[in-house]
Amino acid sequence: MKILLTGGTGFIGSHTAVALLERGFEVILLDNFSNSSPDAADRVREITGRDLLCIKTDLLDADGVGLAFSQNPGIDAVMHFAGFKAVGESVSEPLAYYHNNIAGTLNLIEIMNKNGVKKLIFSSSATVYRADNPVPYFEDYPLGATNPYGWSKVMIEQILRDVCAANPEWSMALLRYFNPIGAHESGMIGEAPNGIPNNLMPYITKVAAGELPVIHIFGDDYDTPDGTGVRDYIHVMDLAEGHILAMNYIRERKGAWSFNLGTGKGYSVKELIAAFEKVCGKELPKQTDARRAGDLPAAYANTALAKKELGFAARYGIEKMCEDSWRWQITGACRK
Ligand code: UD1
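So for the sequence shown, my numbering puts the first residue at 1; every next one is plus one.
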């Protein structure tokens with residue numbers, strides 16, 4: 001089977017490419033390298049000992065994407081990872097986020113339609129659950145968002161459900177990721193955010209490496225066991241596995257299917273830092289700051305549906321997530 005990955009050299013795309021190649025799938029990566037590098041494709045080749053095609057194009061360039069499909073006939077399914085993903089930036093640049101994420105997806109769907117490719121796995125997010133939903137989050141909860149990035153995911157999910165409703169030939173999985181961390185255990189690929197990281201794990205690894213002075217804990221007065229924010233961290237290789245299971249699932253079914261990809265277990269900011277300190281063998285400088293605007297006390301998945309329908313269960317715990325994130329940081333490979 002031939003699978004095309006948009007955003008294929010990014011964090012989740014590159015790890016999913018490894019998982020696919022290791023299962024014998026043929027893989028084509030599409031990326032504009034706006035937040036990643038073609039080096040990731042080389043590293044995926046090196047890890048797996050298999051070749052893949054890596055095409056530079058932007059989803060907003062319909063001609064370029066059209067060529068990628070017409071020159072590579074026989075694509076069975078698309079995994080759509082490409083998109084802008086910085087929440088804060090989306091608040092100051094809403095039009096850029098809506099345009100890039102939504103128009104890019106519309107182009108992709110139209111081109112897939114023209115080329116008779118009707119299977120899509122979409123990178124959605126736990127951020128599509130409205131802030132007033134109780135935890136754990138179930139897939140049938142009402143959707144909503146608090147920032148343009150989140151709304152772009154809610155809107156794209158709706159567009160995709162509408163496409164499936166209008167055209168019964170389509171099969172789609174909308175995968176709602178919780179907090180992906182970790183890296184491939186080779187230490188050769190991982191998350192490489194531009195500039196100062198917004199997310200907790202890349203921030204911790206940079207403090208541990210001495211590249212940033214101190215971890216800022218955003219609030220310790222939440223209504224949680226230790227007062228800090230609780231999240232459902234999931235190893236990126238588990239997430240990659242979820243994509244393969246979801247693809248197998250939609251191969252036999254029509255319509256749009258939403259699934260949570262999380263572990264179902266929440267860890268607090270303090271717990272994640274403590275787990276990381278154990279792995280890196282030193283205490284890290286940290287200070288408590290004010291809450292970050294827009295953050296929730298706790299967000300974690302109900303995993304029953306993904307388990308029942310996909311057979312998905314996360315294999316890796318918090319210690320392995322920390323070990324692999326740390327290995328990626330110290331190999332130096334993360335410096336793009
Ligand atoms: C964030 C995004 C979410 C996105 C996800 C990708 C927001 C509001 N949400 O989720 O839409 O899908 O990243 O992984 O940005 N924290 C600190 N110090 C830090 C950074 C974070 O204490 O330097 C805390 C946060 O308050 C939170 C937890 O760590 O409790 C996790 O934060 P983060 O890694 O940014 O993920 P989310 O906010 O859950």
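Beta carbons are placed, not taken as given, at the ideal position from N, Cα and C, and that holds for glycine.
CB-CB under 8 angstroms to Gly74, same chain, minus the five flanking residues each way: which ones, in chain order? Against the sequence shown, residue 74 aligns to sequence position 74. Answer for Gly74: Lys2, listed in chain order.
For the beta strand (DSSP E) containing Thr127, name the first residue and the last one. In the sequence shown, residue 127 corresponds to position 127, counting from 1. For Thr127, there is no enclosing beta strand (DSSP E), since its DSSP letter is neither H nor E.
I need the straight-line Cα distance from Arg161 to Ile244, nearest angstrom please. Taking the sequence shown and counting its residues from 1, the one referred to as residue 161 is at position 161. Taking the sequence shown and counting its residues from 1, the one referred to as residue 244 is at position 244. Distance from the CA atom of Arg161 to the CA atom of Ile244, rounded to whole angstroms, is 20 angstroms.
Which residue spans inside the segment 164-220 form an unbroken alpha helix (DSSP H) run of at least 4? For the segment 164-220, whole alpha helix (DSSP H) runs of length 4 or above, ordered along the chain, are 200-208.
Using C-beta distances below 7 angstroms, list every residue in its chain close to Asn302, excluding the 5 sequence neighbours before and after it, in chain order. By 1-based counting over the sequence shown, the position of residue 302 is 302. The residues are Pro136, Tyr137, Phe138, Asn260, Gly264.
For the 8 angstroms Cβ check, are there 3 or more pairs between the segment 292-308 and the segment 152-170? Flag = no, the segment 292-308 and the segment 152-170 do not touch.
Measure the C-alpha to C-alpha separation of Tyr316 and Thr57 and round it to an integer number of angstroms. Against the sequence shown, residue 316 aligns to sequence position 316. Against the sequence shown, residue 57 aligns to sequence position 57. Straight-line Cα distance between these residues: approximately 34 angstroms.
Can you tell me the Cα-Cα spacing of Gly281 and Asn147, whole angstroms? To locate residue 281, count along the sequence shown from 1; it is residue 281. To locate residue 147, count along the sequence shown from 1; it is residue 147. Just so you know, the alpha carbons of Gly281 and Asn147 end up roughly 37 angstroms apart.
Run through DSSP, which three-state label would Ser34 get? Taking the first residue of the sequence shown as position 1, residue 34 is located at position 34. In this structure, Ser34 counts as coil in the three-state DSSP scheme.
Pairwise C-alpha distance: Gly187 and Arg291: As a first step, residue 291 must be located in the sequence shown, where it is residue number 291. As a first step, residue 187 must be located in the sequence shown, where it is residue number 187. If you take the alpha carbons of Arg291 and Gly187, they lie about 32 angstroms apart.
Residue ranges of each alpha helix (DSSP H) within the segment 83-117, 4 or longer: Correct list: 87-92, 94-98, 104-114.
Starting from the C-beta of Phe81, find all residues in its chain whose C-beta is less than 8 angstroms away, skip the five residues before and the five after it, and write them out in chain order. Position 81 of the sequence shown, counted from the start, is the residue given in the question as residue 81. For Phe81, where only same-chain residues beyond five positions count, the Cβ hits under 8 angstroms are Leu5, Thr6, Gly7, Gly8, Gly10, Ile12, Gly13, Thr16, Ser123.
With a Cβ-Cβ cutoff of 8 angstroms, do Ala189 and Val44 count as a contact? The residue labelled residue 189 in the question sits at position 189 within the sequence shown. The residue labelled residue 44 in the question sits at position 44 within the sequence shown. Sequence check: residue 189 is Ile here, not Ala. Yes, these two residues count as a Cβ contact at 8 angstroms.
Span separating the alpha-carbon of Gly64 from that of Gly229: Looking up residue 64 in the sequence shown gives position 64. Looking up residue 229 in the sequence shown gives position 229. Rounded to whole angstroms, Gly64 to Gly229 spans 42 angstroms at the Cα level.
Meets three-Cβ-pair contact criterion under 8 angstroms: the segment 35-44 and the segment 109-123: Two segments are said to touch when three or more pairs of C-beta atoms, one from each, lie closer than 8 angstroms; by this definition the segment 35-44 does not touch the segment 109-123.
Residues sharing a beta bridge with Gln287, DSSP: Counted from its first residue, the sequence shown places residue 287 at position 287. In the DSSP output, where bridge partners are listed per residue, Gln287 has His216.
Is the closest heavy atom of the ligand UD1 to the C-beta of Ser125 under 7 angstroms? By one-based count along the sequence shown, residue 125 stands at place 125. True, at least one ligand heavy atom lies under 7 angstroms from that Cβ.
For Lys336, name the three-state secondary structure that DSSP assigns. In the sequence shown, counting from the first residue as 1, residue 336 sits at position 336. Model confidence at Lys336 stands at a pLDDT of 49, short of 50, so the residue's coordinates are unreliable and nothing is read from them.
Please classify Asn107 as buried or exposed, where buried requires at least 16 neighbouring CB atoms within 10 angstroms. For the purposes of this step, residue 107 is taken as the residue at position 107 of the sequence shown. So Asn107 ends up on the buried side.
Short of 6 angstroms in beta carbon distance, which residues of its chain neighbour Lys336, apart from the five on each side in sequence? Order them along the chain. Numbered from 1 along the sequence shown, position 336 holds the residue referred to as residue 336. Its pLDDT being 49, under 50, Lys336 is placed unreliably by the model, and the measurement read from it follows with that caveat. Contacts found: Ser37, Ala192.
Just to confirm before moving on: does the CB-CB distance between Ile196 and Pro285 stay below 8 angstroms? As a first step, residue 196 must be located in the sequence shown, where it is residue number 196. As a first step, residue 285 must be located in the sequence shown, where it is residue number 285. With contacts defined as CB atoms closer than 8 angstroms, Ile196 and Pro285 fail to qualify as a contacting pair.
Assign Pro168 to one of two classes, buried (16 or more other C-beta atoms within 10 Å of its C-beta) or exposed (fewer than that). Counting from 1 along the sequence shown, the entry for residue 168 is found at position 168. It is exposed - the Cβ of Pro168 has fewer than 16 other Cβ atoms within 10 Å.
Nearest-angstrom beta carbon gap, Lys85 and Ile250 [assumed within contact, 8 angstroms]: Looking up residue 250 in the sequence shown gives position 250. Looking up residue 85 in the sequence shown gives position 85. Not really, about 23 angstroms apart at Cβ, beyond 8 angstroms.
How long is the line joining the alpha carbons of Ser325 and Thr331, rounded to whole angstroms? In the sequence shown, the residue the question calls residue 325 occupies position 325. In the sequence shown, the residue the question calls residue 331 occupies position 331. For Ser325 and Thr331, the distance between alpha carbons rounds to 10 angstroms.
Tell me, which residues are paired with Glu26 by DSSP? Within the sequence shown, residue 26 is the residue found at index 26, counting from 1. Per DSSP, Lys2.
Leaving out the 5 sequence neighbours to the left and right, which residues in its chain are closer than 6 angstroms to Phe25 when beta-carbon positions are compared? Here residue 25 is taken as the residue at index 25 of the sequence shown, counted from 1. Contacts found: Met1, Ile3.
So, is Trp328 buried or exposed, given that buried needs 16 or more other C-beta atoms within 10 angstroms? Here residue 328 is taken as the residue at index 328 of the sequence shown, counted from 1. So Trp328 ends up on the buried side.
Here's the rule I'm using: 16 or more other beta-carbon atoms within 10 Å means buried, otherwise exposed. How should Lys308 be labelled? One-based indexing of the sequence shown puts residue 308 at position 308. So Lys308 counts as exposed.
Cβ-based burial, Glu241 [other Cβ within 10 Å; buried from 16]: In the sequence shown, residue 241 corresponds to position 241, counting from 1. Buried, because 16 or more other Cβ atoms sit within 10 Å of the Cβ of Glu241.
Just list the beta strand (DSSP E) runs in the segment 220-270, keeping only unbroken ones of 3 residues or longer that don't cross its boundaries, in chain order. Taking only runs of at least 3 residues, the beta strand (DSSP E) segments lying wholly in the segment 220-270 are 233-235, 255-261.
With respect to 7 angstroms, is the separation between the Cβ of His184 and the closest non-hydrogen atom of the ligand UD1 below this value? What you label residue 184 is simply residue 184 of the sequence shown in a count that begins at 1. No, the ligand UD1 has no heavy atom inside 7 angstroms of this Cβ.
Beta-carbon contacts of Ala173 that lie in its chain and below 6 angstroms, excluding the five residues immediately before and after: Here residue 173 is taken as the residue at index 173 of the sequence shown, counted from 1. Answer for Ala173: Ile121, Ala246, Ile250, Trp257, listed in chain order.
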